[in-house]
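Colleague:
Residue numbers (my numbering): 413 to 646.
(1) Which same chain residues end up closer than 6 angstroms to residue 605 when comparing Cβ atoms and leaving out the 5 residues on each side of it in sequence?
(2) For residue 635, name the three-state secondary structure that DSSP assigns.
(3) Between the Cα of residue 560 and those of 444, 627, 500, 599, spot the shortest distance and give me the residue it belongs to.
(4) Residues in its own chain within less than 8 angstroms of residue 492 by CB, not counting five upstream and five downstream?
(5) If you draw a straight line from the alpha carbon of residue 601 to that of residue 550, how long is it in whole angstroms?
(6) Tell me which residue opens and which closes the alpha helix (DSSP H) that residue 452 is part of.
(7) Under a Cβ-count criterion, where at least 16 other Cβ atoms within 10 Å of its own Cβ denotes burial, should residue 524 be classed as buried or exposed?
(8) In chain order, what residues of the same chain lie with their CB nearer than 8 angstroms to the CB of residue 638, ignoring the 5 residues before and after it?
(9) Looking at residue 435: is its Cβ nearer than 7 angstroms to the Cβ of residue 558?
(10) By a C-beta neighbour count over all protein chains shown, 10 Å radius and 16 as the cutoff for buried, is residue 566 buried or exposed?
(11) Between which two residues does the alpha helix (DSSP H) holding residue 542 run?
(12) Drop a sphere of 10 angstroms on the beta-carbon of residue 586, count the other beta-carbons inside from all chains shown, and report buried for 16 or more, exposed for fewer.
(13) Looking at residue 555 and residue 531, is the spacing between their C-beta atoms short of 7 angstroms?
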């Protein structure tokens, strides 16, 4: 097996996306991890370099990326691979499940297909590239609380890494925490992300000039801008 010191040297040579590094830093040692949509195994390489007592099930449902995944992780003694869909091969009571690099609707669908299994996990980490509010709402409904959200700016795009832990507490989240984000006003990237969200809404208003339902939609986007402007002030 490849020593962890060699893996670390190899990681220094590769360009690991910052969002994957952040996800890896939310994984704790001595845990069982399922990475759904592992792609080429970059997260697995990073986690293996720093957490020697983790066991990772790297899941990929596409044959091409799966071959690369197997090749990349074959020398990592704590990584197992699976050519399968979603949570089908994930065991109950897995400590951490990662759902990264996909849309919120896809995350909701993956969880729904194994809804009896989902509440047995200790932690769920997501990187939803769109419709993140839908994913937040769904995960909370399984008995999880948002413990951390972190903004990442990479390749001229914003990403939100969201961490949910299983809880017995009943938490009432504000609409803004579901739709916009959880305590993002504390993030150093919030001012730029806020500007980005407002620009998106303003551009949407401009593009509605020839729409029949323009008035209602413009009002909706103006309300969105107002929510963004007031986010985190209460």
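Positions of the beta carbon are idealized from the N, C-alpha and C atoms, including for glycine.
Modeller: Taking the structure as given:
(1) 563, 570
(2) helix
(3) 599
(4) 467, 468, 469, 470
(5) 26 angstroms
(6) Element bounds for residue 452: n/a, residue is neither H nor E.
(7) exposed
(8) none
(9) no
(10) exposed
(11) Taken as a continuous stretch (DSSP letters only), residue 542 belongs to no alpha helix (DSSP H), as it is neither H nor E.
(12) exposed
(13) yes
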